[in-house]
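A short write-up of the structure that comes next.
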Amino acid sequence: MSTPPDIDTLKRLVGQSVPDLAAQPFARVRNAGTDNLIYKIGDAHALRVARRHEAIPSLAYREPVAMRSLKDLPLETPELVANGLTGMAESWPWLVCSWLEGESAEAVGHAFTETDAKRLALFLLDLQGQKRDFAAEPNIDNHWRGCPLVQRDAPTRGAIADVADDFDAIALAAIWKVALEAPPCLERDRTWIHGDLHAGNLLVKDEALSGVLDWGLSGLGDPASDLMAGFTLFEGAAQDAFWKASGISETVWRRARGWALSTSVIAYAFYRGTKTPIEKRSRKLLEDFSFSI
21 MSTPPDIDTL KRLVGQSVPD LAAQPFARVR NAGTDNLIYK IGDAHALRVA RRHEAIPSLA
81 YREPVAMRSL KDLPLETPEL VANGLTGMAE SWPWLVCSWL EGESAEAVGH AFTETDAKRL
141 ALFLLDLQGQ KRDFAAEPNI DNHWRGCPLV QRDAPTRGAI ADVADDFDAI ALAAIWKVAL
201 EAPPCLERDR TWIHGDLHAG NLLVKDEALS GVLDWGLSGL GDPASDLMAG FTLFEGAAQD
261 AFWKASGISE TVWRRARGWA LSTSVIAYAF YRGTKTPIEK RSRKLLEDFS FSI
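The opening residue of the sequence shown carries number 21 in my numbering; numbering runs sequentially from there.
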């Protein structure tokens with residue numbers, strides 16, 4: 021099949037795997053991401069199914085493995101309930117996980133505080149300490165998150181050139197050069213990474229950071245690719261609190277800044293003119309970096 025299964029097929033599959041959910045209502049989540057369709061099942065569960073072929077590997081392996089492998093993290097994360105394939109000639113993956121209460125930090129325009137910064141830093145320290153036995157290697161299906169920065173050199177330089185009319189390309193190229201010159205992450209220092217820590221994947225409750233969603237880009241890699249959140253999410257005192265709580269070294273800080281630049285400039289070059297949240301947040305960071313040299 022070339023398209024995701026219809027809702028009736030999904031309801032049947034979920035009912036066969038988790039009979040208690042068979043009679044629950046399924047409600048489409050309209051603000052889902054670009055890779056997955058999401059349905060809320062009743063009050064306590066979520067169904068995720070890939071929107072397109074490119075998202076199949078992440079939903080079939082990366083997300084369920086992360087949900088099974090990662091334990092006792094200090095922020096809420098979804099728990100795997102069931103997963104499988106449609107069983108048709110061209111199988112399509114689906115999974116059911118716990119529904120986390122809260123609101124998208126991006127949707128509500130949450131201003132991240134020093135407390136949020138400390139919570140996320142401690143979350144990442146715990147994530148980096150998890151057993152990495154089943155974490156998947158960086159690959160095209162997770163946009164190479166966590167790979168050595170040098171592998172991103174050509175697309176990053178190309179994107180910097182593409183956006184030269186909007187930003188200071190010389191300043192951006194200087195930041196990128198410093199990141200590439202930093203010693204790379206050693207094999208023994210690679211850890212579990214989330215891979216996509218933007219505000220749309222963070223939940224807030226009672227005006228405070230409470231949960232982390234969407235593990236489709238997770239796997240094994242350079243922790244700097246998550247620590248770039250210090251640049252992309254926090255400002256001022258909150259940013260200082262994040263760096264202090266994370267205990268980041270100068271070398272990892274440089275790589276984290278390189279990751280923030282690379283992901284933002286490539287995203288902005290692709291989404292420019294779309295007026296989407298990813299364009300907005302990428303523009304904000306690139307404007308900041310343009311005046312930082």
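Cβ atoms here follow ideal geometry from the backbone N, Cα and C, with glycine treated the same way. Computed from a prediction, not measured in an experiment: that's the story for all the values here.
Determine the closest residue to residue i out of the options, with distance taken between C-alpha atoms.
{"i": "Gly166", "options": "Ala276, Phe46, Ala43 and Ser302", "result": "Ala276"}
{"i": "Ser118", "options": "Met87, His73 and Thr133", "result": "Met87"}
{"i": "Ser230", "options": "His73, Ala137 and Thr23", "result": "Ala137"}
{"i": "Ala193", "options": "Cys205, Pro204, Ala179 and Ala64", "result": "Ala179"}
{"i": "Ala228", "options": "Thr271, Ser284, Val198 and Gly129", "result": "Gly129"}
{"i": "Ala287", "options": "Asp63, Gly149, Trp212 and Val183", "result": "Val183"}
{"i": "Ala174", "options": "Lys197, Leu57 and Gly236", "result": "Lys197"}
{"i": "Ile76", "options": "Arg50, Thr106 and Thr97", "result": "Thr106"}
{"i": "Glu121", "options": "Phe311, Asp226 and Trp164", "result": "Asp226"}
{"i": "Asp216", "options": "Arg82, Phe311 and Gly267", "result": "Arg82"}
{"i": "Leu79", "options": "Asp92, Asp63, Leu57 and Leu90", "result": "Leu57"}
{"i": "Glu123", "options": "Ala258, Trp279, Val49 and Ala181", "result": "Val49"}
{"i": "Ser89", "options": "Ala156, His218 and Ala249", "result": "Ala156"}
{"i": "Gln150", "options": "Ile27, Trp112, Leu93 and Leu33", "result": "Leu93"}
{"i": "Ile268", "options": "Lys91, Leu145 and Gly35", "result": "Leu145"}
Would you decide whether residue i is buried or exposed? Buried here means 16 or more other CB atoms lie within 10 Å of its CB.
{"i": "Pro45", "result": "exposed"}
{"i": "Lys31", "result": "buried"}
{"i": "His131", "result": "Before going on, a small fix: residue 131 reads as Ala here, not His. It is exposed - the Cβ of Ala131 has fewer than 16 other Cβ atoms within 10 Å."}
{"i": "Ala70", "result": "buried"}
{"i": "Pro158", "result": "buried"}
{"i": "Thr294", "result": "exposed"}
{"i": "Val170", "result": "exposed"}
{"i": "Ala42", "result": "exposed"}
{"i": "Phe251", "result": "buried"}
{"i": "Phe262", "result": "buried"}
{"i": "Ala66", "result": "buried"}
{"i": "Met21", "result": "Below a pLDDT of 50, predicted positions are generally treated as unreliable, and Met21, at 46, falls in that range; no measurement from the model is reported."}
{"i": "His73", "result": "exposed"}
{"i": "Arg208", "result": "exposed"}
{"i": "Ala289", "result": "buried"}
{"i": "Ala258", "result": "buried"}
{"i": "Thr54", "result": "exposed"}
{"i": "Asp161", "result": "buried"}
{"i": "Thr176", "result": "buried"}
{"i": "Gly278", "result": "buried"}
{"i": "Thr135", "result": "exposed"}
{"i": "Ala181", "result": "exposed"}
{"i": "Ala64", "result": "exposed"}
{"i": "Ala127", "result": "exposed"}
{"i": "Thr97", "result": "buried"}
In its own chain, which residues sit with a C-beta less than 6 Å from the C-beta of residue i, not counting the 5 before and 5 after it?
{"i": "Asn103", "result": "Pro84 and Leu115"}
{"i": "Arg172", "result": "Ser282"}
{"i": "His214", "result": "Ser238 and Asp246"}
{"i": "Leu95", "result": "Phe143, Gly231 and Val232"}
{"i": "Ala47", "result": "Lys60"}
{"i": "Ala265", "result": "Lys138 and Ala141"}
{"i": "Glu255", "result": "none"}
{"i": "Ala347", "result": "As displayed, the chain neither begins before 21 nor continues past 313, which places residue 347 out of reach and without an answer."}
{"i": "Ser284", "result": "Ser302, Leu305 and Leu306"}
{"i": "Thr211", "result": "Gln148 and Pro243"}
{"i": "Tyr291", "result": "Ile298 and Glu299"}
{"i": "Gly62", "result": "Gln44"}
{"i": "Pro25", "result": "Thr106 and Trp112"}
{"i": "Met248", "result": "Ala276, Trp279 and Ala280"}
Give me, in chain order, the residues of the same chain whose beta-carbon lies closer than 7 Å to that of residue i; leave out the 5 immediate sequence neighbours on both sides.
{"i": "Val38", "result": "Val101, Ala102 and Val116"}
{"i": "Asn221", "result": "Val232, Leu233 and Asp234"}
{"i": "Phe309", "result": "Ala191, Leu192, Ile195 and Leu281"}
{"i": "His163", "result": "Leu237"}
Quick one: is residue i near chain C, going by C-beta distance under 7 Å?
{"i": "Pro113", "result": "Absent here is chain C; the protein component of the structure consists of one chain."}
So, at 8 Å on beta carbons, what are the nonlocal neighbours of residue i in its own chain, with the 5 sequence-adjacent residues on each side left out?
{"i": "Pro168", "result": "Pro204, Cys205 and Asp242"}
Uninterrupted alpha helix (DSSP H) stretches inside the stretch 106 to 189 (no shorter than 4 residues):
As for any alpha helix (DSSP H) of minimum length 4 sitting wholly inside the stretch 106 to 189, the runs are 134 to 148 and 173 to 182, ordered along the chain.
Which residue spans inside the stretch 218 to 271 form an unbroken beta strand (DSSP E) run of at least 3?
Qualifying beta strand (DSSP E) stretches, in chain order: 222 to 225, 228 to 232 and 239 to 241.
Are the stretch 186 to 198 and the stretch 297 to 311 touching, with three or more C-beta to C-beta distances below 8 Å?
Yes, they touch.
Counting only runs of 4+ residues fully inside the stretch 33 to 95, write out the alpha helix (DSSP H) ranges in chain order.
As far as the stretch 33 to 95 is concerned, its whole alpha helix (DSSP H) runs of at least 4 residues are 83 to 89.
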